[in-house]
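> Take a look at this one; I'll ask things after.
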Amino acid sequence: MRLEPAVLDLDWNEVERRARLFIKKYVEQTSSSGVVLGLSGGVDSSTSAALAALALGGDKVTGLLLPERETYSNIDVQHAKHISERFQIRTETIDITSALDAFYRSTPSFDGRDKVTKGNIKARMRMIYVYYYANKYGLLVCGNSDKSETMMGYFTKWGDVSADFAPLMDLYKTQVRKLARHLGLPEQIVKKPSSPGLWPGQSAEQELGVDYETLDLILCGLEHFMDSEEIASQIQADIELVQRVMFRWLTSEHKRRMPLTTKIQYRTPGMDFRLARVTA
Amino acid sequence: MKESVRIALAQISCNLGAKKQNMEKMAEYVWRARDQGAELIIFPELSLTGYTLRDRVYSVAETVPGNSTKIVARLAKEAELYVIFGMPELAERTQATIYNTAVFVGPSGYIGKYRKLYLPTHSVFEEKRYFRPGYHTGVFDTELGGIGLTICYDIFFPEVTRLSRIQGAQLIVCISASPTTRRAYFETLTMARSIENAAFLAYVNLVGIEDGLQFWGGSRLVGPSGELVTVAACDKEDLAVGEANYVDIKPIETFIPTLKDLRPDLFGKLKEAAEEL
């Protein structure tokens, strides 16, 4: 396999068709009333929302806009509203600042200077709201995680990744952008730099230390069992970069699995109970 | 041929996927075993790489002989010791066909290998997903006597040790990665395989926790009447050294003459019945 950008090209009509069918059938199988998702105005949540609306009809999709004081972005809110209008999605806007403040104030060890732990509180607070709506209205939570951030462990454990299903999880970030363009999303959203929105000015590419075009080719190589030397040579990248990506991928598996337990009995959750997801 | 052999059971934990570090640990154990007068040292199943490799197996598998075999063989030469260890073996003429293999080296270099015949694919085990099974027993006629190699789940199938025994093995080696939940089976079966074959059996298990699986250790050298010659600790690394006196086999082989009383006429029936199961 040649690791060049074309390797990430897919038949976007087919991807759209399969994702829509998947969402529609899962909502039917679970007898859910629809789906709810966090709508940040970024490319991932906009694409998830669009797919869900195309699969179910906009009236079955609830988009939650969950801004907070520190990371508030007028452009993001405008983009989220554009998506909701374009795909006829119901939205609710809840400013989570006061809930976050309550957490900060009530937690003696809280240190606002520690931006990672503080940022993770925001991601988990958003999860609480999304699951509240799911619980209250019989909805499934549609996750917005893509394959790049999932493989890199670039998400908050039990935070933004929490969902009942995640239609984009097998698409790398650059592929999500292509799918978004295929679905007719505006270029401002398609090309918008990715950010988890945990602190002001946070940039995914800066934090990951690599642009998504390069990262996705490295991850695609790893997915196909290529070794780091071969990947580095093919894409003419530093071997250290490829090894760093591989290390991060391997050491973040704990974020992608059930909690670790130790095997004591006959069959064990997360180990050798192998059951299909069935619904009542 | 020697009348007895001093055997070191090197019950180690492994650093998953880190061959260099694991070989460094193996070297440390080799020299410790040498200091204790051992002539043969045995490491657990997949001890070069750790057991729960899953998809990483493709990036660490090597041909046998290959680089790691050469390194361990050099160590065996320097220490004048025979070494048995486990590793994922990449088939020579393919790029991703892998065996779960026991490698045997000695002071004169590479001796041979055994590819695991029975690959557990149930409970927490997924070996058939990754490994191709072997097709032959691994019996080697060495200065240390006839040695038959087996790996872990093979011990549940008495025909493997039986065939190895009648092909000339006086010492059956079973390298293993057995989780705690299987302890009682291995404690029983190591004795059973020794008794029914009037042979010594050296069982060497992995220890430590990998991906939630606790390997219990408990490595042991069992004599031909099922007696424990030496036993390693449970749940921690250990080096247990014991002696297999081959002269002990003769009185046992006469007292309970399982080899003399073998009934080959039943084997054909066994094959027919197994095919119809």
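Here the protein sequences line up with chains P and F, keeping their order.
Using the numbering used here, the first residue of the first sequence is number 16, and each one after it goes up by one.
Using the numbering used here, the first residue of the second sequence is number 2, and each one after it goes up by one.
Note that CB positions come from ideal geometry on N, CA and C, so glycine has one too.
1) Is M286 (chain P) close to chain F, meaning its C-beta is less than 7 Å from at least one C-beta of that chain?
2) Closest to A252 (chain P) by CA distance: which of P:T283, P:S267, P:T171, P:E228 is it?
3) Spell out whether any CB of chain P is found under 7 Å from the CB atom of V61 (chain F).
4) Counting only the same chain and skipping the five closest in sequence on each side, list residues whose C-beta sits under 8 Å from that of S195 (chain F).
5) What residues from the region 231 to 243 of chain P come within 7 Å of chain F, judged by C-beta to C-beta, listed N to C?
6) Short of 8 Å in beta carbon distance, which residues of its chain neighbour G127 (chain P), apart from the five on each side in sequence? Order them along the chain.
7) Rounded C-beta distance between S60 (chain F) and G87 (chain F)? I'm assuming under 8 Å.
8) Note down the Cα distance separating D175 (chain P) from F125 (chain P), rounded to an integer number of angstroms.
9) Would you mind reading off the limits of the alpha helix (DSSP H) that contains Q22 (chain F)?
10) I want to see whether chain P comes within less than 7 Å of G67 (chain F), judged by CB atoms only; does it?
11) Could you say if the region 141 to 157 of chain P and the region 69 to 84 of chain P meet the contact criterion of at least three C-beta pairs nearer than 8 Å?
12) Please state the DSSP three-state secondary structure of Y83 (chain F).
13) If the cut is a Cβ gap below 9 Å, which residues of chain F does T277 (chain P) touch?
14) Go through its chain and collect everything with a Cβ distance to L260 (chain F)'s Cβ below 8 Å, but skip five positions before and after it.
15) Just how far apart, CA to CA, sit C235 (chain P) and L23 (chain P)?
16) Between the region 77 to 91 of chain F and the region 36 to 51 of chain F, can you find at least three pairs of beta-carbon atoms closer than 8 Å?
17) Is the Cβ-Cβ distance between S267 (chain P) and G168 (chain P) less than 7 Å?
18) Mind listing which residues of the region 114 to 129 of chain F have their C-beta closer than 9 Å to chain P's C-betas, in chain order?
19) Residues in its own chain within less than 7 Å of E238 (chain F) by CB, not counting five upstream and five downstream?
20) Identify, in the order they occur along the chain, each residue of the same chain with its Cβ nearer than 6 Å to the Cβ of K96 (chain P), setting aside the five sequence neighbours on each side.
21) Determine the direct distance from the alpha carbon of E238 (chain P) to that of I257 (chain F), and round the result to whole angstroms.
22) Are the CB atoms of V31 (chain F) and A103 (chain F) nearer to each other than 7 Å?
23) Going by DSSP, what residues sit across from I250 (chain P) in a beta bridge?
24) Does the region 191 to 202 of chain P come into contact with the region 210 to 226 of chain P, if we say contact requires no fewer than three beta-carbon pairs (one atom in each stretch) closer than 8 Å?
25) Indicate whether L52 (chain P) and S63 (chain P) have their beta-carbon atoms separated by less than 7 Å.
26) By Cβ distance below 6 Å, which residues in the same chain neighbour Q38 (chain F) in space, the five residues on each side in sequence not counted?
27) Take L230 (chain P) and list the residues in its own chain whose beta-carbon comes closer than 7 Å to its own, dropping the five residues that flank it on each side.
28) Would a C-beta distance cut-off of 7 Å place S99 (chain P) and T108 (chain P) closer than the cut-off?
29) State the start and end residues of the unbroken alpha helix (DSSP H) segment that holds Y131 (chain F).
30) Within the continuous beta strand (DSSP E) that includes V232 (chain F), where are the two ends?
31) To the nearest angstrom, how far is it from the Cα of F158 (chain F) to the Cα of T182 (chain F)?
32) Report the rounded CA-to-CA distance for R75 (chain F) versus L82 (chain F), giving the unit in angstroms.
33) Pairs of beta-carbons, one from the region 175 to 191 of chain F and one from the region 274 to 285 of chain P, closer than 8 Å: are there three or more?
34) So V257 (chain P) packs on S243 (chain P), CB below 8 Å; how close in whole Å?
35) When you compare the CB positions of V30 (chain P) and L265 (chain P), do they come within less than 7 Å of one another, or not?
Reading from the atomic positions:
1) yes
2) P:E228
3) no
4) I173, F201, L202, V223, G224, P225, S226, G227
5) F240, D242
6) Y119, K133
7) Not a contact, Cβ separation roughly 17 Å.
8) 21 Å
9) 20 to 36
10) no
11) yes
12) strand
13) T181, I210, G213, L214, Q215
14) R166, I167, N198, A199, E254
15) 8 Å
16) yes
17) yes
18) H123, S124, V125, F126
19) Q12, I13, S14, V208
20) none
21) 56 Å
22) no
23) BP columns for I250 (chain P) are empty, so no partner.
24) no
25) yes
26) Note on identity: in this sequence residue 38 (chain F) is Gly, with Gln being the wrong assignment. For G38 (chain F), where only same-chain residues beyond five positions count, the Cβ hits under 6 Å are R7.
27) S163, L223, V260
28) no
29) 128 to 131
30) 229 to 232
31) 19 Å
32) 10 Å
33) yes
34) 4 Å
35) no
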